[in-house]
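Count along the sequence shown from 1, add 34, and you get the number used in my numbering. Just so it is clear, CB atoms sit at the ideal spot from N, CA and C, and this is done for glycine as well. For clarity, every value in this text was computed on a predicted model and none was experimentally measured.
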Amino acid sequence: MTKTVLITGGAGYIGSHTAVALLEKNYDVVIADNLANSSPKAIEAIETITSKTVTFCKVDLCEQQAVRELFAQHPIEAVIHFAGLKAVGESVEKPLWYYRNNLVTTMNLLDEMQTHEVYDFVFSSSATVYGDPETVPIVETAKTGPTNPYGHTKHMIEQICQDQAAADDRWRINLLRYFNPVGAHASGKMGEDPNGIPNNLVPYVMQVAVDRLDKLKVFGGDWDTPDGTGVRDYIHVCDLAQGHLAALENIQAGCQAYNLGTGTGASVLEVIAAAEQASGKQIPYTITDRRAGDIATSLADPTKANDDLGWRADRNLATMLTDAWRWQSENPLGYEE
Ligand code: NAD
Ligand code: UD1
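Below, the structure written as C-alpha cells:
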C-alpha cells in the first residue's frame, strides 16, 4: 500500500528535490509550505518531472489550527520537516523571528503527530550544530555548540526530539545534519532560487557566471587549509534527497542523528574552478577579509549514515556544478521567469 508522507517546506530547495525522490518511489506526498521563501512554480516543477500530482497546502505551520486541519484532512503516516528559516545573518538580526518560526512549527507538528499517533519524523538539522569543530572529519558524537540563533534553533529542536523519543518509545526520529547542499535536479527544471543576493557560495558563483553579479568575494585566503580558502563538504541536493528516502525507510525506534555529507572537502578556489569548467565562463573574484563566524574546514564523517541507512552520496563536485549551471543558465532568474 502506498504511504502518505507530509513534507513541510516542500516548495523549498531541498524539500522539492526530496518530494521528487519520494514520488518516484510511489509515495503519496502532501506538501505544506507558506511560500515564505519559495515559489508555487516549484510545485509545478515537481509534478512535471515526476508526471505525478502532489497535494499542496499553503499553510503557515506556526498556526496550530492550520496544522490540526492538515492532519484532519490528510491520511499522513510520516513527516519530513524542512520548513524553517535558514539565513544565519538574518537570524542574528531577528532572533525572535527565527526562534518562533523554527520552534513553533516543530512543536505544532509534533503535537499533532502525537494526537494522530503518527510517530515517524525526519528532521532537517544542520552541520551548524557542531559550531567550530575541534577535529575533522566530524562524527555525530562530536561536541555540539552552535554559534548563532539559527544554529541554536536546530540544536534546540534536536533536544526536543530526543526528549520526546525518550518519553515515549513509539517515536522513531531521524535528525539529519546536512553539510553543504548544492546543485540542482538534472532536468534543469528545479534548483535553488535564493531571494536577493545569495549568502552561500555556489548560488553566488552561479549568478556571477550568468552575469547577474559582477564578481565573487572570496572570504579569506589565509585559512589553515591547503590553498588558504575555506574547505566545505558539498553534497549534491539529489544525493541529499535520496538520504531522506533512506532515513524514512530505515527509521528505527528512538532518536538518531546522522551526518549527511560526502566526506570529501573542496576549497572555495576548487569550487570556482569547477564552476568555470561547468559553465565555460570565467568567474572573476577578489580575496577579501574573512566573513564573521566562518570556520576553516567543515567535513562530515558520513560512516554512520552509510552503515545504518545504506546510503551514500555519489555525485562529485563536477556533477554538482554542472547541474547547478544547467538550472541557472536555463532559468537565469530562477522560478521568476
Ligand atoms: P528553503 O528556504 O528553500 O525551504 C524551506 C521552506 O520552508 C520554504 O519553502 C519556506 O517557504 C518554508 N517555510 C518556512 N517557514 C514556514 C512556516 N512557518 N510554515 C510553512 N512553511 C514554511 O530552504 P532549504 O535550503 O530547502 O532548507 C530546508 C531545511 O533544511 C531548512 O530547515 C534548513 O534550515 C535546513 N538546512 C538547509 C541547509 C542549506 O544549506 N540549504 C543546510 C542545513 C540545513
Ligand atoms: C553556511 C551557513 C551554515 C549552513 C551552511 C549550509 C553562514 C555563516 N553559515 O555555511 O550555517 O549550515 O551554509 O548551507 O551562512 N564564501 C565565499 N564567498 C561568498 C560566499 C561564501 O568565499 O560569497 C566561502 C565561505 O567563506 C566558505 C565557503 O565559501 O568558506 C562556503 O560558504 P557558504 O556556502 O556560505 O556555506 P557555509 O559557510 O559552510
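Pick from the options that is closest to residue i, judged by C-alpha positions
{"i": "V236", "options": "V156, L119, V302", "result": "V302"}
{"i": "G49", "options": "P167, A218, T298, T149", "result": "A218"}
{"i": "S332", "options": "R266, G368, E370, H189", "result": "R266"}
{"i": "D335", "options": "A161, E304, P366, M240", "result": "A161"}
{"i": "A309", "options": "A326, L343, V242, A347", "result": "V242"}
{"i": "G165", "options": "D328, L351, V126", "result": "D328"}
{"i": "A199", "options": "A176, K188, D154", "result": "D154"}
{"i": "V244", "options": "S73, Q276, G288, E364", "result": "E364"}
{"i": "S85", "options": "K59, P109, L104, Y238", "result": "K59"}
{"i": "T140", "options": "Y61, I83, I114", "result": "I114"}
Check: residue i C-beta below 7 Å from any heavy atom of ligand 2
{"i": "K251", "result": "yes"}
{"i": "D328", "result": "yes"}
{"i": "S160", "result": "yes"}
{"i": "N214", "result": "yes"}
Three-state class that DSSP yields for residue i in the structure shown
{"i": "V265", "result": "strand"}
{"i": "R102", "result": "helix"}
{"i": "K92", "result": "strand"}
{"i": "N214", "result": "strand"}
{"i": "L69", "result": "coil"}
{"i": "K120", "result": "coil"}
{"i": "K251", "result": "strand"}
Exposed unless 16 or more other CB atoms sit within 10 angstroms - verdict on residue i
{"i": "W131", "result": "exposed"}
{"i": "I231", "result": "exposed"}
{"i": "P260", "result": "exposed"}
{"i": "L367", "result": "exposed"}
{"i": "T52", "result": "buried"}
{"i": "P171", "result": "buried"}
{"i": "E174", "result": "buried"}
{"i": "K188", "result": "buried"}
Any non-hydrogen atom of ligand 1 closer than 7 Å to residue i Cβ
{"i": "I114", "result": "no"}
{"i": "D94", "result": "yes"}
{"i": "T353", "result": "no"}
{"i": "L69", "result": "yes"}
* Decide if the segment 191-205 is in contact with the segment 87-98; the criterion is three or more beta carbon pairs, one per stretch, under 8 Å apart. => They do not touch, by the three-pair rule.
* **Segment contact flag, the segment 139-153 with the segment 70-78, C-beta cutoff 8 Å, min 3 pairs** => no
* Are there three or more Cβ pairs, one per stretch, closer than 8 Å when the segment 339-359 is compared with the segment 208-228? -> yes
* Are at least three pairs of beta-carbons, each pair with one atom in the segment 183-197 and one in the segment 309-324, less than 8 Å apart? -> no
* Check whether the segment 272-281 touches the segment 242-256, counting contact only when three or more Cβ pairs, one atom from each stretch, lie closer than 8 Å. => no
* Validate contact between the segment 221-230 and the segment 279-291 using beta carbons, cut 8 Å, 3 pairs -> no
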